[in-house]
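Worksheet: one structure, shown below.
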Amino acid sequence: MRLTLRALISHGRVARKMGLGPESRINMLRNILTGLVRHERIETTTARADEVRFYAEKLVDYAKRGDTDEKAMKMASFWLTEKDLVPKLFNVLAPRFETHSKGYTRMARLPNRENLDRAKMAVLEYKGNPFPPLYPVKKDNELTLINQLLRGYREDRAQQLATKA
Amino acid sequence: MAAKGLDKCFFSLRLLRNLQLRNERLVSTSACRLVDDKFIPPSKPVIIDKTQSVASLRKFLSPEFVPPRQRTNPLKFSIERKDMIRRRKVLNIPEFYVGSILAVSMADPHASGKANRFVGICIQRGGKGLGATFVLRNIINNQGVEICYELYSPRIQSVEVLKLEKRLDDNLMYLRDALPEYSTVDPDMKPVPFSPTGEVPVNNIKVRMRPKPWSKRWERPKFNIQGIRFDLCLTPEKMEHAQKWAEPWREYDMLKEYDTSKLEEHLLDEFQQEMSK
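Okay, structure coming up:
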């Protein structure tokens, strides 16, 4: 018995269907991307966040090429519907990710939406944003014995190095 | 009597000529003894054989070497490339583009002489790897004929480029709906000499079409055809109506981009190294 109909196999297609058609999909992604560039951390449904992630990273790659590149400017002006974000992209985001070669975004799951649809939500952010981190860093307890001894050792070493130099 | 006289004349002439030569030789040797005794040969005449095709010095990588963007293992493509190079070492597949005129001779058990030869314009180059194909079109006895050949098929005995040129498009399938004069190629055409260096000549011809209906709606922007004279066969209203199918977001869609420049350089180096071995 065939469990899948032949028509349901996507055969290597990577783009999800969203909205009313290909134009609507691109427009939706454009809006989400503009919001991401403005606020640097947004929450949407998981599928939309996953699609936008690819475009966000490619946009940063284009921005890295520089302000003067014609193709980069065309791409930026197409994808960012609010034109005051174009200088922000080239002057703030591109230098921030100069050392990174890929992986400028981070995606984390959120609890499902409170509406009737209970949609799967996700938060998408550019790394290096000014907000507190998504996954809070666990700090060790400073007041345990071992940590106090290690702190003393570190201070002694620092003193020795300072007296040597 | 006259014959004897003539004979005597010839004989005397020959004697004189021999004496002259001997004198010259004596003179020349006596003069040259002062210079080196080495024999200086005369300069060889340079024969430029324009009928034979010279190996192209342009940096050209055949499009079937560039692997498509897929989820298959790259090992498959590298093994295929090795086999393609092995075949190319035996059979010389020249550089050609869509729009150039080729003559292909293929082994055929039923043809007299066991091989048949077909001359035509290349209208399409498809497939990647060992299954790469090219379609040649010609009109023979008022009948349009298109034959799809596989580049790496063992039945192919020789591929000659009679005229190397490029056209404005990558796919000339619209020649099926064009007037027959644009697809006719003389089967006994002599190869046109082309330089192995420098740019490939681009033929900017704009083709006239037969009246509609056509096999495909060539005016639609998805085909992006530059080589048809639309002003003769379509009104401006129809052209505008065809622009409804234009997808202006496509050129900005980063998902659809496939940048092959670095891959091509790498593959070209590999190809040249392997072929020179």
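Protein chains in written order, with the working numbering: chain A, 43 to 207; chain B, 2 to 278.
Cβ atoms here follow ideal geometry from the backbone N, Cα and C, with glycine treated the same way.
Since we're looking at a predicted model, the values are computed, not measured.
- What span of residues does the beta strand (DSSP E) with A108 (chain B) cover, start to end? To locate residue 108 (chain B), count along the second sequence from 1; it is residue 107. Looking at the DSSP string, the run of the beta strand (DSSP E) that includes A108 (chain B) is 102-108.
- A179 (chain B) by DSSP, collapsed to three states: which one? Taking the second sequence and counting its residues from 1, the one referred to as residue 179 (chain B) is at position 178. If DSSP states are grouped into helix, strand and coil, A179 (chain B) belongs with the strands.
- Task: Please name the residue in B:L152, B:K164, B:G199 whose C-alpha comes closest to that of R87 (chain B).
- Result: Residue 87 (chain B) sits at position 86 when you count from the first residue of the second sequence. Nearest C-alpha to R87 (chain B): B:L152.
- Message: Relative to the C-alpha of L122 (chain A), which candidate in A:A200, A:R80, A:L192, A:P172 has its C-alpha closest?
- Response: Position 80 of the first sequence holds residue 122 (chain A). For the residues A:A200, A:R80, A:L192, A:P172, the minimum Cα distance to L122 (chain A) belongs to A:R80.
- How long is the line joining the alpha carbons of D126 (chain A) and E238 (chain B), rounded to whole angstroms? Taking the first sequence and counting its residues from 1, the one referred to as residue 126 (chain A) is at position 84. Taking the second sequence and counting its residues from 1, the one referred to as residue 238 (chain B) is at position 237. One C-alpha to the other measures close to 38 Å.
- If I'm right that M163 (chain A) touches T87 (chain A) with Cβ under 8 Å, what's the distance once you round it to whole angstroms? As a position in the first sequence, residue 163 (chain A) is number 121, starting the count at 1. As a position in the first sequence, residue 87 (chain A) is number 45, starting the count at 1. Between T87 (chain A) and M163 (chain A) the Cβ distance is about 6 Å, and since that is below 8 Å, they are a contact.
- Helix, strand or coil for V209 (chain A) per DSSP? With chain A covering only 43 through 207, there is no way to say anything about residue 209 (chain A).
- Secondary structure of S159 (chain B), DSSP reduced to three states: Against the second sequence, residue 159 (chain B) aligns to sequence position 158. Correct three-state label for S159 (chain B): strand.
- Query: Is there contact between the segment 211-230 of chain B and the segment 243-255 of chain B, where contact requires at least three CB pairs shorter than 8 Å?
  - Reply: yes
- CA-to-CA distance, K167 (chain B) to P202 (chain B), given in whole angstroms: Sequence index remark: in the second sequence, residue 202 (chain B) carries index 201 (1-based). Sequence index remark: in the second sequence, residue 167 (chain B) carries index 166 (1-based). Spanning the two alpha carbons is a distance of roughly 6 Å.
- Give me the Cβ distance between L268 (chain B) and V67 (chain B), rounded to the nearest whole Å; I'm assuming they're in contact under 8 Å. As a working note, residue 268 (chain B) is residue 267 in the second sequence. As a working note, residue 67 (chain B) is residue 66 in the second sequence. Their Cβ separation, rounded to whole angstroms, is 7 Å, which keeps L268 (chain B) and V67 (chain B) in contact under 8 Å.
- Select from B:V47, B:I157, B:Q125 the residue whose C-alpha is nearest the C-alpha of V91 (chain B). By 1-based counting over the second sequence, the position of residue 91 (chain B) is 90. Of B:V47, B:I157, B:Q125, the residue nearest in Cα terms is B:I157.
- Task: State buried or exposed for D270 (chain B), treating a residue as buried only when at least 16 other CB atoms are found within 10 Å of its CB.
- Result: In the second sequence, the residue the question calls residue 270 (chain B) occupies position 269. Answer is exposed; the Cβ neighbour count stays below 16.
- Query: Buried or exposed: V99 (chain B), going by 16 or more other Cβ atoms within 10 Å of its Cβ?
  - Reply: Taking the second sequence and counting its residues from 1, the one referred to as residue 99 (chain B) is at position 98. Classification for V99 (chain B): buried.
- Measuring alpha carbon to alpha carbon, tell me which of B:K257, B:A179, B:M190, B:K60 ends up nearest I229 (chain B). Walking along the second sequence from the start, residue 229 (chain B) turns up at place 228. Answer by Cα proximity: B:A179.
- Query: Using a C-beta cutoff of 8 Å, does L256 (chain B) count as contacting chain A?
  - Reply: Sequence index remark: in the second sequence, residue 256 (chain B) carries index 255 (1-based). It does: the Cβ of L256 (chain B) has a partner Cβ on chain A nearer than 8 Å.
- Per DSSP, what kind of secondary structure is L152 (chain A) in: helix, strand or coil? For the purposes of this step, residue 152 (chain A) is taken as the residue at position 110 of the first sequence. L152 (chain A): strand per DSSP, three-state reduction.
- Message: Does K83 (chain B) come out as helix, strand or coil in the three-state DSSP assignment?
- Response: Here the question's residue 83 (chain B) lines up with position 82 in the second sequence. Helix.
- Where S52 (chain A) and R67 (chain A) are concerned, what is the direct C-alpha to C-alpha distance, given to the nearest angstrom? On the first sequence, position 10 is the one that residue 52 (chain A) refers to. On the first sequence, position 25 is the one that residue 67 (chain A) refers to. Taking the straight line from one Cα to the other gives about 18 Å.
- Would you mind working out which of B:R138, B:P110, B:K45, B:K278 sits nearest Y183 (chain B), comparing C-alpha positions? Counting from 1 along the second sequence, the entry for residue 183 (chain B) is found at position 182. Selected option, being the one with the closest Cα: B:R138.
- Message: Please identify, using Cβ separations under 9 Å, the residues of the segment 111-137 of chain A that lie next to chain B, in order along the chain.
- Response: K116, M117, F120, W121
- Query: Any idea if T147 (chain A) is buried or exposed, counting beta-carbon neighbours within 10 angstroms, 16 or more meaning buried?
  - Reply: For the purposes of this step, residue 147 (chain A) is identified with residue 105 of the first sequence, where counting begins at 1. Result: buried.
- Query: Taking the continuous beta strand (DSSP E) assigned at Y168 (chain A), which residues delimit it?
  - Reply: Residue 168 (chain A) sits at position 126 when you count from the first residue of the first sequence. It spans 163-168 - the beta strand (DSSP E) in which Y168 (chain A) sits, taken as one unbroken run.
- Item | A136 (chain A) - DSSP class collapsed to helix/strand/coil | Taking the first residue of the first sequence as 1, we reach residue 136 (chain A) at position 94. Helix, per DSSP.
- Test item: CB-CB of Q125 (chain B) and M174 (chain B) under 8 Å: Position 124 of the second sequence, counted from the start, is the residue given in the question as residue 125 (chain B). Position 173 of the second sequence, counted from the start, is the residue given in the question as residue 174 (chain B). Result yes, Cβ atoms of Q125 (chain B) and M174 (chain B) sit closer than 8 Å.
- Inter-residue Cα distance where the pair is K278 (chain B) and S44 (chain B): Counting from 1 along the second sequence, the entry for residue 278 (chain B) is found at position 277. Counting from 1 along the second sequence, the entry for residue 44 (chain B) is found at position 43. Straight-line Cα distance between these residues: approximately 33 Å.
- Partners in chain A for R72 (chain B), counting only beta-carbon separations shorter than 7 Å: In the second sequence, the residue the question calls residue 72 (chain B) occupies position 71. By Cβ distance, chain A contributes G54.
- Query: Counting contacts by CB-CB distance shorter than 8 Å, is E248 (chain B) in contact with chain A?
  - Reply: Residue numbering aside, residue 248 (chain B) sits at position 247 when the second sequence is read from its first letter. It does: the Cβ of E248 (chain B) has a partner Cβ on chain A nearer than 8 Å.
- Message: By alpha-carbon positions, which one of B:I41, B:R72, B:R82, B:F78 ends up nearest to E275 (chain B)?
- Response: For the purposes of this step, residue 275 (chain B) is taken as residue 274 along the second sequence, with counting starting at 1. Out of B:I41, B:R72, B:R82, B:F78, B:R82 has the C-alpha closest to the C-alpha of E275 (chain B).
- For C123 (chain B), does the count of other Cβ atoms within 10 angstroms reach 16, so buried, or fall short, so exposed? By one-based count along the second sequence, residue 123 (chain B) stands at place 122. C123 (chain B) comes out buried.
- Message: Please state the DSSP three-state secondary structure of F135 (chain B).
- Response: Reading the second sequence from its first residue, position 134 is the one you call residue 135 (chain B). Reduced to three states, the DSSP call for F135 (chain B) is strand.
- Can you tell me whether M210 (chain B) is buried or exposed, with buried defined as 16 or more other CB within 10 angstroms of its CB? The sequence position of residue 210 (chain B) within the second sequence is 209, counting from 1. M210 (chain B) comes out buried.
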